[in-house]
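Heads up: the protein sequence lines correspond to chains U and C, in order.
In short: position in the first sequence from 1, add 2, done, that's our numbering.
In short: position in the second sequence from 1, add 4, done, that's our numbering.
Heads up, the thing below is written out as C-alpha cells.
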Amino acid sequence: MSIDPTTEMPNAAAAGTVLQKPVDRRLALKILAGGVVAGTQALGACAPLSAATDEERQVRLLAWQEYIKGNYRFMTEEERGETIARLERLAKLQRGEEVAIQSTGAQPGVVFGYAFNISKCKGYRRCVEACINENNLDRSAATQYIRIFEMEDGVVDLDHADATFQHEVPAEGHFYLGTQCFQCADPPCVKVCPVGATWQEPDGITVIDYDWCIGCRYCVAACPYWARRFNWSAPQVPAEEVNPNQHYLGNRARKTGVVEKCTFCIHRTRQGRLPACAEACPTGARVFGNLLDADSEIRWVLANKRVFRLKEDLKTEPRFWYFTD
Amino acid sequence: MSRTCLGAAAIYIGIAWLTAGCAEPDRAAWDHPASEADTVGSDTAPAPPALTATLEPGGLRTVQAAPVELWTGPGGRPFEVAVRTSERDAGHPRRFGAVTLQTAVRSRSLGQYPCTSCHLGRRVVMAGERIADAHQNIEPVHPKQTGALCSTCHAADDVERLALLSGERATLDETYRLCGQCHFAQADGWAHGAHGKRLDGWQGRRVVMGCADCHDPHKPALTPRIPFRAPRIERTRGPDR
Chain U
3 MSIDPTTEMP
13 NAAAAGTVLQ
23 KPVDRRLALK
33 ILAGGVVAGT
43 QALGACAPLS
53 AATDEERQVR
63 LLAWQEYIKG
73 NYRFMTEEER
83 GETIARLERL
93 AKLQRGEEVA
103 IQSTGAQPGV
113 VFGYAFNISK
123 CKGYRRCVEA
133 CINENNLDRS
143 AATQYIRIFE
153 MEDGVVDLDH
163 ADATFQHEVP
173 AEGHFYLGTQ
183 CFQCADPPCV
193 KVCPVGATWQ
203 EPDGITVIDY
213 DWCIGCRYCV
223 AACPYWARRF
233 NWSAPQVPAE
243 EVNPNQHYLG
253 NRARKTGVVE
263 KCTFCIHRTR
273 QGRLPACAEA
283 CPTGARVFGN
293 LLDADSEIRW
303 VLANKRVFRL
313 KEDLKTEPRF
323 WYFTD
Chain C
5 MSRTCLGAAA
15 IYIGIAWLTA
25 GCAEPDRAAW
35 DHPASEADTV
45 GSDTAPAPPA
55 LTATLEPGGL
65 RTVQAAPVEL
75 WTGPGGRPFE
85 VAVRTSERDA
95 GHPRRFGAVT
105 LQTAVRSRSL
115 GQYPCTSCHL
125 GRRVVMAGER
135 IADAHQNIEP
145 VHPKQTGALC
155 STCHAADDVE
165 RLALLSGERA
175 TLDETYRLCG
185 QCHFAQADGW
195 AHGAHGKRLD
205 GWQGRRVVMG
215 CADCHDPHKP
225 ALTPRIPFRA
235 PRIERTRGPD
245 R
C-alpha cells in the first residue's frame, strides 16, 4: 500500500494536541491510522514504487478516509462538506458518475405528512417506477420501496392481499392500498438500532447513515410495515440511469450489507418539491404536505375526510394516512 | 420562440375574428343547414338558470398575475375559488372560503384549439345530439348517460366558452366551474387538494390539474391499464402475520 505523501493525515505530532480532548473509539483509530501511514511512508521511501496509478492511489486514500469518518449526525458542517466532496470524487473515479450530493437540513416549522386515497389508487404502479428511477434503487435485486396491495372490496386485510398482481388494473371488485415507509413519529426501527445509524430528523423523516450501518437488520425485523430493505449484494444501477441529484441521507450510492428505506425523497421535499411517487401518480391519489401548515392540503384531508392508519394499535404514530373519497 | 409563435397565433385569431364579423351568418348556415339545426339558445340571450349553481359563480374571480410556464404549456392563472360549505360542516368553526390555486392550462394542448381556426364566427348552431363531422373523435358517453345536449355545456353564442347553468360563461381551462355544478362533492375536495393532482411542489404556489386534464369530459371514466412490473419477492410473512 502506498499513499500520496502530500495529503494531510494525523501523525504523531498532531496526536498530542488531539489527546487534550476525550478520546473515543474513532479518534483512537484515527491516531493509530496516522502511525500506520507514517510507517508506510517510511516504507515507501526505501521500497520500489508500486505499480498503482495516481487514480488508484487516490481511490484508496479516499476510501480509507471514508472508512474512518464519524457518524453524519454528529459531524460539523465542515466535516459534512469534506465527506461529501470525497463521496462525489469517489463516484467519479470508481463508477464514472457525475453526482451532486446535498446535505440540506430540515426546514424549520415543517413536519411532513402523507395521505393516500384508496378510492383513487388504481394500481398502475407508476409511483413504483418513479421511485426506482429517483432513488437509484438496485436494479439487479429489483428493490422496491413502495408496495401496492390489491384487496377485495370491503375489508382491509393485508394478510390475504396480493402485492404481486400483474394483470390489467383496476380489477373489478378490488381496491388498491400502497405502503412504503410511514415515517413514524415513534419509530421502532430507530429504537432497536444498536449503533445509532438511523434516527429521526426534525422534519419527521427517519434516515439512515449508510456508512455507519453495520447491517445487523434489527430494524428490518422491528418495522411492522415491511418498509426497510437490505442490500444483500452491491446495488447495480447503470451509469446512464443514475439520478445525479442526491442527498447524503437519501438516494446516494449504497453498498453491500446496509439497510435502506424510503425517505419521502429527502433530496426533493426539503427543497419544496413533491416526492417522486406523488409527482408520478396519474390519479392524484397521493397527497403530500406540511402537517404544521393549517392551510395545507394534507391538513384539509385530515380534518375533512375519513382517515385511518395501518396498525394503529402499535402506537408507532405513522405520518401516513389512508382516506376515501 | 414559443412566444413569437403565440403572438403570431393571437394576431391570426384576431384577424380571423374581425374578418368573420360580416361573413358570420352565411358561414354558420353553410356549416349547419337550417333544416337540421336545433336552435336552442343560439340566437337569443342565454336562458335563465334551471338549477342553482353550487360553486358560487360570483366568488370565482381571476387574479391578475404574471403568466407562469407549466408542463402543459405557457399560461396559467391563479384563481381564487370560493368553495361551498357542505351542510354537514355548518356550524363547525372550520377553515372554509376562498382557496387560492392555479390550474394547468389545458386549452393549448387540445388538438383542434383554437376553435376559431375552423369556426370563423364565434356563434355555433348546435344540432341536438348530432356531432359535426369534424368532431367524430368525440364519444358522447357522459352526455348520453345524463341526457345532456351539446348546448347544455357548450355556449352556442361563443364557440370557445362553456355554458354554466347560471348563464355565465367559462373558458375551456375553467372546467371545474362546469363539472362542479353537479359533482360538487368532488369539486369541494378538488379545491382543497383531496382530489386531483398537484403539480410543481408541496411548497409555494399551488398548481393543480383541472377536471378535464384527466377525465375526458365526454367519456370521464378512466380506462384500465397494465401496471408497472410487480416486486420480485413477496413480503416476509411471520407467524403472526
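We treat Cβ as the ideally placed atom computed from N, Cα and C, and that holds for glycine.
Checklist entry - At a cut of 8 Å, does the region 309-316 of chain U reach the region 132-152 of chain U through at least three beta carbon pairs? => result no
Checklist entry - From W194(C) to R62(U), what distance separates their C-alpha atoms? => result 55 Å
Item to check | Within chain C, the residues that D327(U) reaches when beta carbons sit closer than 9 Å | outcome: A189, Q190, G193, A198, H199
Next on the checklist: For a test of the three-state rule: what should DSSP assign to Y250(U), helix, strand or coil?
Outcome noted: coil
Checklist entry - Does DSSP classify G180(U) as helix, strand or coil? => result strand
Next on the checklist: What would DSSP say about W66(U), mapped onto helix, strand or coil?
Outcome noted: helix
Checklist entry - G217(U): which of A102(U), C225(U), C195(U) sits nearest, CA to CA? => result C195(U)
Item to check | Distance, S142(U) Cα to D234(U) Cα | outcome: Checking the displayed sequence, the identity of residue 234(U) turns out to be Trp instead of Asp. Going from the Cα of W234(U) to the Cα of S142(U) covers about 11 Å.
Item to check | CB contact below 8 Å: A234(C) versus chain U | outcome: yes
Checklist entry - Quick one: what's A150(C) bridged to in DSSP? => result In the sequence on display, residue 150(C) carries Thr and not Ala. None, per the DSSP bridge assignment.
Checklist entry - For the 8 Å Cβ check, are there 3 or more pairs between the region 75-82 of chain U and the region 106-114 of chain U? => result no
Next on the checklist: Just to make sure I have the definition right: I need the residues of chain C whose C-beta is within less than 8 Å of the C-beta of T271(U). Which are they?
Outcome noted: W206
Checklist entry - So with Cβ pairs under 8 Å, would you call G111(U) a contact of chain C? => result no
Next on the checklist: I'd like the span of the alpha helix (DSSP H) that includes N135(U), first residue to last.
Outcome noted: 128-136
Item to check | Delimiting residues of the beta strand (DSSP E) encompassing L166(C) | outcome: 165-167
Checklist entry - Which partner residues does M153(U) have in the DSSP bridge list? => result F177(U)
Checklist entry - Given a threshold of 16 other Cβ atoms within 10 Å of its Cβ, counted over all protein chains shown, does V145(C) qualify as buried or as exposed? => result exposed
Item to check | Cα-Cα separation, P228(C) to A132(U) | outcome: 20 Å
Next on the checklist: For the region 187-201 of chain C against the region 209-225 of chain C, do three or more pairs of beta-carbon atoms, one drawn from each stretch, fall closer than 8 Å, so that the two count as touching?
Outcome noted: yes
Checklist entry - In terms of DSSP beta bridges, what is W201(U) paired with? => result V209(U)
Next on the checklist: Run through chain C and tell me which residues come within less than 8 Å of A108(U), C-beta to C-beta.
Outcome noted: None at all; the shortest Cβ gap to chain C is about 13 Å.
Checklist entry - So, helix, strand or coil for V113(U), using DSSP? => result coil
Next on the checklist: Suppose you measure from the CA of Y324(U) to the CA of A199(U); what does that come to, to the nearest Å?
Outcome noted: 29 Å
Next on the checklist: For R230(U), would you say it is in contact with chain C, using Cβ-to-Cβ distances shorter than 8 Å as the test?
Outcome noted: no
Checklist entry - For chain U, is any of its Cβ atoms less than 8 Å away from the one on R4(C)? => result Shown here, chain C extends from 5 to 245; a query on residue 4(C) therefore has no answer.
Item to check | Whether R110(C) touches D162(C) by CB criterion (8 Å) | outcome: no
Next on the checklist: To be precise: take each residue of the region 216-233 of chain C, compare its Cβ to all Cβ atoms of chain U, and keep it if any distance is under 9 Å. Which residues remain?
Outcome noted: C218, L226, P228, R229, I230, P231, F232, R233
Checklist entry - In terms of alpha-carbon separation, which member of G156(U), Q273(U), K94(U), C221(U) lies closest to P189(U)? => result C221(U)
Checklist entry - If you check the beta carbons only, do T265(U) and V209(U) fall under 8 Å apart? => result yes
Checklist entry - Does the beta carbon of R308(U) sit closer than 8 Å to a beta carbon anywhere in chain C? => result no
Item to check | Partners in chain C for V303(U), counting only beta-carbon separations shorter than 9 Å | outcome: G193, H196, G197, A198
Checklist entry - Measuring CA to CA, which of W201(U), A117(U), T326(U) is closest to W206(C)? => result A117(U)
Checklist entry - Are the CB atoms of I120(U) and F184(U) nearer to each other than 8 Å? => result no
Checklist entry - If we ignore side chains and look at the alpha-carbon of each, how far apart do A241(U) and V101(U) end up? => result 11 Å
Item to check | Opening and closing residue of the alpha helix (DSSP H) in which A93(U) lies | outcome: 79-97
Next on the checklist: Just checking: is the beta-carbon of A236(U) within a distance shorter than 8 Å of some beta-carbon in chain C?
Outcome noted: no
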